[in-house]
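First the structure, in the form of structure tokens, and then the observations on it.
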Amino acid sequence: MFSSSRCSSSSARCSSSKERSSTCSRREESHCPARTRVPDSHEPGGYLKATLESQPRELARLLSDDAAARAAERLRGCARIFLVGTGTSYHGALAGQFMFRSAGIDAWAVRAFEFANYPPAFRKDDGLVLLSHRGSKRFSRRSLDLFEPHGKRWVAITGEGSAIDGEGVIRTVEQERSPVHTASHTGALLRLAQIAAALGQPAWHAELARIPEAVGAALGLRDRVSQDVRRVELKPIVHFVGGGPARATAYEGALKLREASHLVSAEGHDVEGILHGPLVSIQPGQTVVVIAQPGPALERTQEVIQALGEIGAVVIQVGSAADGCKTPPMDEVLAPMVNVVPLQLFAYEASRRLGVDADSFRRDEPRYAAAQARFTL
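For what it's worth, my numbering labels the leading residue of the sequence shown as 4, then goes sequentially.
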């Protein structure tokens, strides 16, 4: 959490301590008042399930306002834009990098820790887009504080009730009760797409209106995903693979599975990288989730699928080019908003199969609570 002495100027200031106490970060929640803890009567994973199902409605709501268009004006004319975040927010930044580039913008996704501690040489025409669910992560805040003296060409995409406010802030959704973020991620992706579309009018601009319906269709794959989860091996590890914009989806799928089903390990790979070493560590019978989406990465993705078949791995395909969990057709740079949904469902269904409360984040286990007390996010 940030004390008032570490708040930046009024244009990007921290909220009051009262506001911050209600928006504790996922690991910081172990220090929050007891009322924020998951009650004994809580349905395991119930918060995650409810938020998952809210995504089409929330995305339709975000499409109905002009907040992103107004935010885009702060970035207009930037020769280079950094997209910065941590964890899921970094995965959003990575997907956003492809959106911005497809709109003719020189964009670079950077992890907040690296941006804050090993910053690039800033130029006068640089811009910053910061992604943060709650606005309370120390290195995300430090990144904004570091950049702000260079001008007002920054935008912060964050949730309602966030610890960040100011003219450059654009909101997504209410703070999620589950620490396994879903709607705030797809909401941030949509905000990124809206900003990119406002700045560059890319070819996929008209497809934005179809996102809520496509996400709803992806949620309709739950039965298929549940069947897949029941038939595959989850331990010791599940691999996720994606190329181009789908790399961000693969990383996010692995993170969601770790967070929701913490008895399982998971690793995300880019489609080329898995061939340069990791492939030989995949054992027959292990599960690999591959995002198959039309675009320049698809040919290599199909080669990876064939190679995994030769090993004897169990491959689950997700995407509009998938032989299996097929999602609605969507431009490759927008597809992460849709293709991440079956992976969110996979994580939720895996937690149910393993008897794990996806909403707990192991806060009720003393050794993990003690571990989380050793650092501040």
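All C-beta atoms, glycine included, are put in the ideal place defined by N, C-alpha and C.
Helix, strand or coil at residue i according to DSSP, with G and I counted as helix
{"i": "Gly203", "result": "helix"}
{"i": "Ala191", "result": "helix"}
{"i": "Val317", "result": "strand"}
{"i": "Ile198", "result": "helix"}
{"i": "Lys140", "result": "coil"}
{"i": "Arg365", "result": "coil"}
{"i": "Arg2", "result": "Residue 2 lies beyond the residue range present for the chain, which begins at 4 and ends at 380; the question has no answer from this structure."}
{"i": "Ile167", "result": "strand"}
{"i": "Gln296", "result": "coil"}
{"i": "Arg38", "result": "Confidence at Arg38 is low in this model, with a pLDDT of 30, below 50, so the placement of that residue is unreliable and no value is reported for it."}
{"i": "Ala63", "result": "helix"}
{"i": "Leu224", "result": "coil"}
{"i": "Ser181", "result": "coil"}
{"i": "Phe103", "result": "helix"}
{"i": "His94", "result": "helix"}
Residue i classed as buried or exposed, judged by whether at least 16 other C-beta atoms fall within 10 angstroms
{"i": "Gly247", "result": "buried"}
{"i": "Asp360", "result": "buried"}
{"i": "Asn382", "result": "The requested residue 382 does not occur in the structure, where the chain is confined to residues 4 to 380."}
{"i": "Pro345", "result": "buried"}
{"i": "Lys238", "result": "exposed"}
{"i": "Tyr121", "result": "exposed"}
{"i": "Arg250", "result": "buried"}
{"i": "Val283", "result": "exposed"}
{"i": "Glu306", "result": "exposed"}
DSSP beta-bridge partners of residue i
{"i": "His242", "result": "Glu270 and Val291"}
{"i": "Asp129", "result": "Arg83"}
{"i": "Leu134", "result": "Ile160"}
{"i": "Ala88", "result": "For the record, residue 88 in the displayed sequence is Gly; it is not Ala. Paired residue(s): Arg114."}
{"i": "Gly322", "result": "Lys329"}
CB contact flag (residue i, residue j, <9 Å)
{"i": "Arg144", "j": "Ile167", "result": "yes"}
{"i": "Ile214", "j": "Leu337", "result": "yes"}
{"i": "Leu134", "j": "Ser92", "result": "yes"}
{"i": "Gly99", "j": "Ala112", "result": "yes"}
{"i": "Arg233", "j": "Arg79", "result": "no"}
{"i": "Val172", "j": "Val132", "result": "no"}
{"i": "Gly287", "j": "Gly256", "result": "First, the residue type needs correcting, since residue 287 is Pro and not Gly in the sequence shown. No."}
{"i": "Ile277", "j": "Ala199", "result": "no"}
{"i": "Arg174", "j": "Gly130", "result": "no"}
{"i": "Gln58", "j": "Thr189", "result": "yes"}
{"i": "Ser354", "j": "Ser264", "result": "yes"}
{"i": "Tyr50", "j": "Asp362", "result": "yes"}
{"i": "Thr89", "j": "Phe142", "result": "yes"}
{"i": "Val183", "j": "Lys259", "result": "yes"}
Any non-hydrogen atom of the ligand MG closer than 8 Å to residue i Cβ
{"i": "Ala253", "result": "With respect to the ligand MG, the structure offers nothing, as it holds no ligand at all."}
Beta-carbon proximity list for residue i, same chain, < 7 Å, skipping 5 on both sides
{"i": "Val318", "result": "Val291, Val293, Ile308, Leu311 and Gly312"}
{"i": "Arg303", "result": "Gly246, Val274 and Glu275"}
Contacting residues, own chain, Cβ-Cβ under 6 Å from residue i (five flanking each side not counted)
{"i": "Phe118", "result": "Val87 and Ser146"}
{"i": "Arg114", "result": "Tyr93"}
Contacts around residue i, its chain only, beta-carbon distance under 8 Å, and the 5 residues preceding and following it disregarded
{"i": "Arg1", "result": "With the chain represented from 4 up to 380, any question about residue 1 goes unanswered, as that position is not in the structure."}
{"i": "Leu211", "result": "Leu66, Leu193, Ala196, Gln197, Ala200 and Leu337"}
{"i": "His45", "result": "Asp360 and Asp362"}
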